[in-house]
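**Student:** My structure is below; once you've seen it, I'll send some questions.
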Amino acid sequence: MSITAMSSLFAERYGLNETQVGLTFIANGAGSMIGTLVTGKLLDTDYRRVRAAHDEARPSRSDAEPGVDPARRCAEDGADDDDDDFPLERARLRLVPVFSLLQCASVAVFGWTTQHAGRVHVAVPTAATFFTGWTAVSTQSVVMTYLVDVFSDRSAAASASLNLARCLFAAGGTSFVMPMAVALLGVVVQWKFASAWRREAERERRQQTVDRKKQLHHGAR
3 MSITAMSSLF
13 AERYGLNETQ
23 VGLTFIANGA
33 GSMIGTLVTG
43 KLLDTDYRRV
53 RAAHDEARPS
63 RSDAEPGVDP
73 ARRCAEDGAD
83 DDDDDFPLER
93 ARLRLVPVFS
103 LLQCASVAVF
113 GWTTQHAGRV
123 HVAVPTAATF
133 FTGWTAVSTQ
143 SVVMTYLVDV
153 FSDRSAAASA
163 SLNLARCLFA
173 AGGTSFVMPM
183 AVALLGVVVQ
193 WKFASAWRRE
203 AERERRQQTV
213 DRKKQLHHGA
223 R
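If you want the numbering used here, it's the 1-based position in the sequence shown plus 2.
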């Protein structure tokens, strides 16, 4: 949804032409690509860290049952149930709050800088869109990885469900983000300039009233 507002806000607040507005999207695209590459490695590293801490804190079943071969036990049970208490949600989803806060911060910076376009260079909101793209793709990658882990036998359906939900929310969001931005912008404009405009309009009305009275007075003569 932030991408939807970019073109209109950059053109309106900074006076950019179509080519310049198009170039500003490079930052968001670069952030998305880098986020895809970096977040995958972060997820793997974080998962290994949680896995190591879990394995150290929890004794294995072979230690609890001396003389039992782990390979033989797995063959007898049909699967290794040592992962039943593994905190998968914490291992996979604990980066979501970090990315969410960073995304909210980047959107706030973008909104504030475009509101004060006369005092802030266009590079600042453009850089904010880089982090918006990074964090958005990173959050999606985290959730996608978790769904694939949970529904490992139906990973394609899980991925399709996430993409469907994301596209539906994006379609709904883009339909009201610009009217919402215009409405909020109207409130800000009125808050800042409405008082001066009202006083100017009152002076013009008083001046028009005086002019009409003068015309009537001269006409009576």
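Where a beta carbon is used, it is the ideal one built from N, C-alpha and C, also for glycine.
Predicted model only: the values in this text are computed from it and were never measured.
#1: Evaluate Ala160 with the Cβ neighbour count: other Cβ atoms within 10 Å of its Cβ, from every protein chain shown; 16 or more gives buried, anything less gives exposed.
#2: Taking the alpha carbon of Arg33 as the reference point, which residue from Trp114, Gly120 and Ile5 has its own alpha carbon closest?
#3: For Thr137, count neighbouring C-beta atoms within 10 Å of its own C-beta (all shown protein chains included) and say buried if the count is 16 or more, exposed if not.
#4: With distances taken from CA atoms, which of Gly24, Gly174 and Pro89 is nearest Arg50?
#5: Quick one: grab the DSSP three-state call for Ala172.
#6: Evaluate contact between the stretch 8 to 26 and the stretch 43 to 59, counting only Cβ atoms and requiring at least three cross-stretch pairs below 8 Å.
#7: Tell me, to the nearest whole angstrom, how far the beta carbon of Asn30 is from that of Thr134; I am working on the premise that it is less than 8 Å.
#8: Among residues of its own chain, excluding the 5 on either side of Phe153, which ones have a beta-carbon nearer than 6 Å to its beta-carbon?
#9: Going by other Cβ atoms of all chains shown within 10 Å of its Cβ, with 16 needed for buried, is Thr128 buried or exposed?
**Tutor:** Straight from the coordinates:
#1: Numbered from 1 along the sequence shown, position 158 holds the residue referred to as residue 160. Answer is buried; the Cβ neighbour count reaches 16.
#2: As a working mapping, residue 33 is identified with position 31 in the sequence shown. The question names Arg, but residue 33 is Gly in the sequence shown. Checking every option, the nearest Cα to that of Gly33 belongs to Ile5.
#3: Within the sequence shown, numbered from 1, the residue matching residue 137 stands at position 135. Flag for Thr137 reads buried.
#4: Counting from one through the sequence shown, the residue named residue 50 turns up at place 48. The residue with the shortest Cα to Cα distance from Arg50 is Pro89.
#5: On the sequence shown, position 170 is the one that residue 172 refers to. If DSSP states are grouped into helix, strand and coil, Ala172 belongs with the helices.
#6: no
#7: Your numbering for residue 30 matches position 28 in the sequence shown. Your numbering for residue 134 matches position 132 in the sequence shown. About 6 Å; that satisfies the 8 Å criterion.
#8: Mapped onto the sequence shown, residue 153 falls at position 151. Only Ala160 meet the Cβ criterion.
#9: Taking the first residue of the sequence shown as position 1, residue 128 is located at position 126. Its Cβ being crowded by 16 or more others within 10 Å, Thr128 is buried.
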